[in-house]
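Peer 1: For what it's worth, the UniProt record's numbering labels the leading residue of the sequence shown as 1, then goes sequentially.
Backbone N, C-alpha and C fix where the C-beta goes; we use that ideal spot for every residue, glycine too.
Here's a structure for you.
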Amino acid sequence: MTAPELIEAATRFVAEAQRMTNERDADGIRQVFAPDARWDATLDGLIIHADGIDEICRGWATMCRFMAKRGLYVEKTLVAVDGSTIVNEWRGVIAGRAGARGIEVWRRNGLGLVTDQRLYGFLDARPDSSLVQNLRMLVAHPRTALAFAASRHC
1 MTAPELIEAA
11 TRFVAEAQRM
21 TNERDADGIR
31 QVFAPDARWD
41 ATLDGLIIHA
51 DGIDEICRGW
61 ATMCRFMAKR
71 GLYVEKTLVA
81 VDGSTIVNEW
91 RGVIAGRAGA
101 RGIEVWRRNG
111 LGLVTDQRLY
121 GFLDARPDSS
131 LVQNLRMLVA
141 HPRTALAFAA
151 SRHC
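Dropping the structure here:
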């Protein structure tokens, strides 16, 4: 494939991933992943891991139920592509509030099926000037928060 063809195909893939996310397409995921694929999603530090298509389908169904309950909708944008890897970022709204964001790395085999997906997401990302975010960081990671605050004022 030429570079423009790769970009066009990857853009279509990312658009379909966005559709499947926003429509909570739990059944369609089986057509995307290889039978022996691996799926790792890290959401705000919570790691969800699945090996094989059946585990992936169960994990994706759980994610779909979660996204429906919280009203999470995303917009995905292609970042990079080569012959076997697609990278996209996403920004989203959860429960009516913008601030969710993340990145996904998809590795595909020669048939175009996903063999490995890594998703890294933050459901309520805020700027470093946010008092709420700084307090969250202080509670969850006090040493890191204090080191960051001290480094900011050097």
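Buried or exposed for R65, going by 16 or more other Cβ atoms inside 10 Å?
Peer 2: The residue in question, R65, is exposed, as its Cβ has fewer than 16 Cβ neighbours within 10 Å.
Peer 1: Buried or exposed: where does M1 fall if 16 or more other Cβ atoms within 10 Å of its Cβ makes it buried?
Peer 2: By the neighbour-count rule (16 or more Cβ atoms within 10 Å), M1 is not buried but exposed.
Peer 1: So Q133 is in the alpha helix (DSSP H); what residue range does that whole segment cover?
Peer 2: L131 to A140 is the extent of the alpha helix (DSSP H) around Q133.
Peer 1: Between the segment 18-29 and the segment 95-111, are three or more C-beta pairs nearer than 8 Å?
Peer 2: As far as the Cβ criterion goes, the segment 18-29 does not touch the segment 95-111, which means the pair count is below three.
Peer 1: For E5, does the three-state DSSP call read helix, strand or coil?
Peer 2: Here E5 sits in helix by DSSP.
Peer 1: CB-CB under 8 Å to M63, same chain, minus the five flanking residues each way: which ones, in chain order?
Peer 2: If we look at M63 and ignore the five residues flanking it on each side, its Cβ neighbours are A41 and I48.
Peer 1: If we ignore side chains and look at the alpha-carbon of each, how far apart do G71 and L119 end up?
Peer 2: One C-alpha to the other measures close to 19 Å.
Peer 1: Determine the DSSP secondary structure at R108, reduced to helix, strand or coil.
Peer 2: If DSSP states are grouped into helix, strand and coil, R108 belongs with the strands.
Peer 1: Can you find at least 3 beta carbon pairs, one from the segment 78-90 and one from the segment 13-20, that sit closer than 8 Å?
Peer 2: Yes, they touch.
Peer 1: Compare the C-alpha of A34 against each of R107, A80 and A17 and name the closest.
Peer 2: For A34, the nearest C-alpha among the options comes from R107.
Peer 1: Which one of E55, V93 and A50 has the shortest CA to CA distance from A68?
Peer 2: Among E55, V93 and A50, the Cα nearest to that of A68 is on V93.
Peer 1: Specify the secondary structure class of G28 as computed by DSSP and reduced to three states.
Peer 2: Note: G28 maps to helix in three-state DSSP.
Peer 1: Where DSSP assigns a beta bridge to I103, which residues make up the other side?
Peer 2: In the DSSP output, where bridge partners are listed per residue, I103 has E89 and Y120.
Peer 1: What span of residues does the alpha helix (DSSP H) with R70 cover, start to end?
Peer 2: I53 to R70 is the extent of the alpha helix (DSSP H) around R70.
Peer 1: Excluding five sequence neighbours on each side, which residues of the same chain lie with their C-beta closer than 8 Å to the C-beta of M137?
Peer 2: Cβ within range, chain order: T144, A145 and F148.
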